[in-house]
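This report concerns only the one structure given below.
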Amino acid sequence: MTFTSYVPVPSDVVVLSQAAARPQGLDGATIGIMHNCKKNGRELMSAIADLLCEEFAIKEVVAPVRSEGIMLPSVAQLDDLAAQCDVVLSGLGDCGSCSACSLHVAIDFERRGVPAVAICTKPFLKSSQAMAARQGFEGYRFVMVEHPVSSLGPDEIRERAREALPQVLSILGVDDLTDAAQVDLMLADLGARQAS
Amino acid sequence: MFNQPVVTTADVMEAMELFAEKRWTDGLPIIPPTKERVREFLDVAGRDPDEVILRVSENRREVTVGLAAINAVMAGCLPAYFPVVLAAVEGWADERWGDGDRTYFYISNASTGGGGQLLIVNGPIRQELGINSGVNLYGPGNRANATIGRAMRLIIINALGIAPGVLDHASQGHPGKYSFCIAENEEESPWEPLHVERGFPADTSTVTTFSARGPEPVENRVSGKPEGILYSIADTMSRLGAMMGMSGTTTVVMGPEHAGIIARHGWSKEDVKLFLYENFKRPLADFARAGMVIPPGSPRTVTIGGVDYLRGGRGPEDILLVVAGGNNAGVSSVITQWSHHIPLGEYIITPIAPAATGAARGR
Numbered sequence: 720m721t722f723t724s725y726v727p728v729p730s731d732v733v734v735l736s737q738a739a740a741r742p743q744g745l746d747g748a749t750i751g752i753m754h755n756c757k758k759n760g761r762e763l764m765s766a767i768a769d770l771l772c773e774e775f776a777i778k779e780v781v782a783p784v785r786s787e788g789i790m791l792p793s794v795a796q797l798d799d800l801a802a803q804c805d806v807v808l809s810g811l812g813d814c815g816s817c818s819a820c821s822l823h824v825a826i827d828f829e830r831r832g833v834p835a836v837a838i839c840t841k842p843f844l845k846s847s848q849a850m851a852a853r854q855g856f857e858g859y860r861f862v863m864v865e866h867p868v869s870s871l872g873p874d875e876i877r878e879r880a881r882e883a884l885p886q887v888l889s890i891l892g893v894d895d896l897t898d899a900a901q902v903d904l905m906l907a908d909l910g911a912r913q914a915s
Numbered sequence: 272m273f274n275q276p277v278v279t280t281a282d283v284m285e286a287m288e289l290f291a292e293k294r295w296t297d298g299l300p301i302i303p304p305t306k307e308r309v310r311e312f313l314d315v316a317g318r319d320p321d322e323v324i325l326r327v328s329e330n331r332r333e334v335t336v337g338l339a340a341i342n343a344v345m346a347g348c349l350p351a352y353f354p355v356v357l358a359a360v361e362g363w364a365d366e367r368w369g370d371g372d373r374t375y376f377y378i379s380n381a382s383t384g385g386g387g388q389l390l391i392v393n394g395p396i397r398q399e400l401g402i403n404s405g406v407n408l409y410g411p412g413n414r415a416n417a418t419i420g421r422a423m424r425l426i427i428i429n430a431l432g433i434a435p436g437v438l439d440h441a442s443q444g445h446p447g448k449y450s451f452c453i454a455e456n457e458e459e460s461p462w463e464p465l466h467v468e469r470g471f472p473a474d475t476s477t478v479t480t481f482s483a484r485g486p487e488p489v490e491n492r493v494s495g496k497p498e499g500i501l502y503s504i505a506d507t508m509s510r511l512g513a514m515m516g517m518s519g520t521t522t523v524v525m526g527p528e529h530a531g532i533i534a535r536h537g538w539s540k541e542d543v544k545l546f547l548y549e550n551f552k553r554p555l556a557d558f559a560r561a562g563m564v565i566p567p568g569s570p571r572t573v574t575i576g577g578v579d580y581l582r583g584g585r586g587p588e589d590i591l592l593v594v595a596g597g598n599n600a601g602v603s604s605v606i607t608q609w610s611h612h613i614p615l616g617e618y619i620i621t622p623i624a625p626a627a628t629g630a631a632r633g634r
């Protein structure tokens, strides 16, 4: 005897997509920042951009753009920033919806041929991964920093930016990591996986 | 022809275990959605099972009539309840939700804020289906309330894929995430019901959708005056943890005893809303003490008697007022919105279509 039930979830097929080509180094690059309404998102990504300027001969950091929607930019905003930039930072992903949306935005840039790095906090690994998979970017890498960010002061924000930097460089493929920095990065990844 | 895939198991119990293992449940056992049972629900709806009734673009998911039926069966609904479920999903799809930014709907289900999806039912369907509006309003014991509310959560988890730990990252959430369906106690209210207030005929059945925190009780068993009762309700509305900085509507579920006292003093619903709006405010100094600094001059700040306040509502219409609960004590409740961004006074009220088959009976 058998018993038959309908599957309660949709059987959609997610079309796998490809990320934009990685930049050939960051000297001469224009960096963009797309931030949502979350507190300290703009500040943290600006601090990361400052560190990139210390490491590389960055041509320009475009003034941070605040998404028109509460979490998502308009198509015009995406097109405009994509046209100006070689790399975009997207964030802040420090809650359930904004982490998923920060990935959504980063992937919107990847689809426009611009490599992007989403900045999220560690508790939201699963949400960020789930959104990336829904968008056809299973396994897409993004930055995870310690939570919280919204209650940090300026010095602490700079410290978070330093925590993010090796991941940003690795994701963009422009890292010339020393052995010690590689180990740091592996330990950060391991810590995040154990926490999830 | 409904082409949804199926799973085969040895028996009912194995099906229930499979669904639990696949995390297709809310943690409670479900009724396995057989073809026959789902067919009954689709017949009541009289609609194409592949018809899309809600799209969530953020994570590229849709709710179809068929998926809604499957999950309503799983929740333990009777076929006659299905039109309420469909109307509620249509409420979620209402373009006014988000006031031009539909991401608010995604946020209401995914955010650490952890809101639930409240349903308020009005009209004759309450009697037809036995939807409770009285004693134990939020509590257990009523099949229609329990299962209709549950169907909504299963639709969010399974059809929309906004599941706990996956895309739903509520820090704590609240028990209304299991089921959160009430009806207005129109019979014991001294005023016109919510749907009539908003222009629907009394004999039209409607469901109001509202993404929300859990109910905050207001026990005031001693005040015999409108001002006293309403001041205690406004106080609960104005609690520091209510995120008053997010403009929006607050639902007040007033118990019939409170409503009766207030109405006997000649107060109308409008009088009530005005009083609540004026008293739904908190000194900025209180926020500062909690480390939640609100700069003077921010939207909805006002100075009264030399004290700077933040108002919680944009106007009296930001009070969504219904009368519900048992007429047995001076107990009301406040339900604060969570990411329920709507134009002022534009409560999301959706008419419930009658069952397509005359054979559907609710009891």
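Top line first, the protein sequences correspond to chains A and B. Per my numbering: the first sequence = residues 720 to 915. Per my numbering: the second sequence = residues 272 to 634. Quick reminder that beta carbons are idealized off the backbone N, C-alpha and C, glycines included. Model, not experiment: these values are computed from the prediction.
Cβ neighbour criterion (16 or more within 10 Å) applied to residue i
i, result
"Leu668 (chain A)", "As shown, chain A starts at 720 and ends at 915. That puts residue 668 (chain A) outside it, with no answer to give."
"Glu348 (chain B)", "The identity of residue 348 (chain B) in the sequence shown is Cys, whereas the question assumes Glu. Buried: at least 16 other Cβ atoms inside 10 Å."
"Met863 (chain A)", "buried"
"Ile453 (chain B)", "buried"
"Leu299 (chain B)", "exposed"
"Glu787 (chain A)", "exposed"
"Gln455 (chain B)", "Checking the sequence, you will find Glu at residue 455 (chain B) rather than Gln. By the 10 Å Cβ count, Glu455 (chain B) comes out buried."
"Gly485 (chain B)", "buried"
"Gly436 (chain B)", "exposed"
"Ser793 (chain A)", "exposed"
"Gly447 (chain B)", "buried"
"Gly832 (chain A)", "exposed"
"Leu909 (chain A)", "exposed"
"Leu808 (chain A)", "buried"
"Arg397 (chain B)", "buried"
Cβ shell of residue i (< 6 Å), same chain only, five flanking positions each side left out
i, result
"Gly584 (chain B)", "Tyr548 and Phe551"
"Ser642 (chain B)", "With chain B covering 272 to 634 only, the question about residue 642 (chain B) has no answer from this structure."
"Ile890 (chain A)", "Val836 and Arg860"
"Leu735 (chain A)", "Gly855"
"Arg308 (chain B)", "Val344"
"Met905 (chain A)", "none"
"Thr607 (chain B)", "Arg484, Ala513 and Thr521"
"Asn342 (chain B)", "Ala422, Leu425, Ile426 and Asn429"
"Leu884 (chain A)", "Leu770"
"Met525 (chain B)", "Val594 and Ser603"
"Gly444 (chain B)", "Gly385"
Whole-number beta carbon distance between residue j and residue i, since they are thought to touch under 8 Å
i, j, result
"Gly843 (chain A)", "Gly810 (chain A)", "The amino acid at residue 843 (chain A) is misidentified as Gly; the sequence shows Phe. About 11 Å separates the two Cβ atoms, so there is no contact after all."
"Met287 (chain B)", "Pro303 (chain B)", "6 Å"
"Ala430 (chain B)", "Pro729 (chain A)", "7 Å"
"Glu829 (chain A)", "Ala738 (chain A)", "5 Å"
"Pro527 (chain B)", "Gly596 (chain B)", "7 Å"
"Pro488 (chain B)", "Leu545 (chain B)", "Contact doesn't hold; Cβ gap of about 23 Å is too wide."
Chain-ordered neighbours of residue i on chain A, where CB pairs are closer than 8 Å
i, result
"Gly586 (chain B)", "Those do not exist, as Gly586 (chain B) stays about 21 Å from chain A at its closest Cβ, beyond 8 Å."
"Ala286 (chain B)", "Phe722 and Ser724"
"Glu322 (chain B)", "Within 8 Å Cβ-Cβ: nothing; Glu322 (chain B) doesn't reach chain A, min ~14 Å."
Cross-chain neighbours of residue i in chain B, by beta carbon under 9 Å
i, result
"Ile789 (chain A)", "Gly369, Asp372, Thr374, Tyr375, Ile378, Ser610 and His612"
"Ala819 (chain A)", "Glu329, Asn330, Tyr377, Ala381, Leu438 and His440"
"Cys756 (chain A)", "Chain B residues near Cys756 (chain A): none, gap ~10 Å exceeds 9 Å."
"Ser889 (chain A)", "The premise fails here: Ser889 (chain A) is roughly 25 Å from chain B at the closest Cβ pair, so nothing lies under 9 Å."
"Phe843 (chain A)", "Thr383 and His440"
Residues near residue i by beta carbon distance below 7 Å, same chain, minus five either side
i, result
"Ile613 (chain B)", "Arg367, Trp368, Asp370, Thr520 and Ile619"
"Ala381 (chain B)", "Ile433, Leu438, Asp439 and His440"
"Met887 (chain A)", "Met is not the amino acid found at residue 887 (chain A); the sequence shown has Val there. Cβ neighbours of Val887 (chain A) beyond the five flanking positions: Ile767, Val836 and Val862."
"His823 (chain A)", "Leu791, Met850 and Gln854"
"Ala627 (chain B)", "Asp314, Val315, Ala316 and Gly317"
Proximal chain B residues relative to residue i, where beta-carbon distance stays under 7 Å
i, result
"Val726 (chain A)", "Gln275, Pro276, Val277 and Val278"
"Arg853 (chain A)", "Asn330 and Arg331"
"Ala849 (chain A)", "Val437 and Leu438"
Cutoff 8 Å; reference residue i; Cβ partners in own chain excluding five residues on either side
i, result
"Asp641 (chain B)", "In the structure displayed, chain B extends from 272 to 634; residue 641 (chain B) sits before or after that span and is not available."
"Leu289 (chain B)", "Val278 and Thr280"
"Ala339 (chain B)", "Ile324, Phe353, Val356, Leu357, Val360, Ala422, Ile426 and Ala430"
Neighbouring residues, chain A, relative to residue i (Cβ below 7 Å)
i, result
"Trp295 (chain B)", "Pro727 and Val728"
"Met345 (chain B)", "Pro727"
Within chain A, the residues that residue i reaches when beta carbons sit closer than 9 Å
i, result
"Thr305 (chain B)", "Phe722, Thr723, Ser724 and Tyr725"
"Ala473 (chain B)", "The contacting residues do not exist; Ala473 (chain B) stays about 37 Å from chain A at best."
"Asp282 (chain B)", "Met720, Thr721 and Phe722"
Per-residue contacts from residue i into chain B (C-beta, under 8 Å)
i, result
"Ser846 (chain A)", "Ala381, Val437, Leu438 and His440"
"Ser869 (chain A)", "What Ser869 (chain A) touches in chain B: nothing, since even the nearest Cβ is about 11 Å away."
Using 8 Å as the Cβ pair cut-off and three pairs as the minimum, do the region 413-432 of chain B and the region 456-475 of chain B touch?
no
Between the region 316-334 of chain B and the region 361-369 of chain B, do at least 3 Cβ pairs fall closer than 8 Å?
As far as the Cβ criterion goes, the region 316-334 of chain B touches the region 361-369 of chain B, which means the pair count is three or higher.
Does the region 458-466 of chain B touch the region 526-534 of chain B, meaning 3 or more C-beta pairs lie closer than 8 Å?
yes
If contact is defined by three or more beta carbon pairs under 8 Å, each pair taking one atom from either stretch, is the region 399-411 of chain B in contact with the region 308-316 of chain B?
no
Does the region 869-881 of chain A come close enough to the region 757-771 of chain A to have 3 or more Cβ pairs within less than 8 Å?
By the criterion of at least three beta-carbon pairs nearer than 8 Å, the region 869-881 of chain A is in contact with the region 757-771 of chain A.
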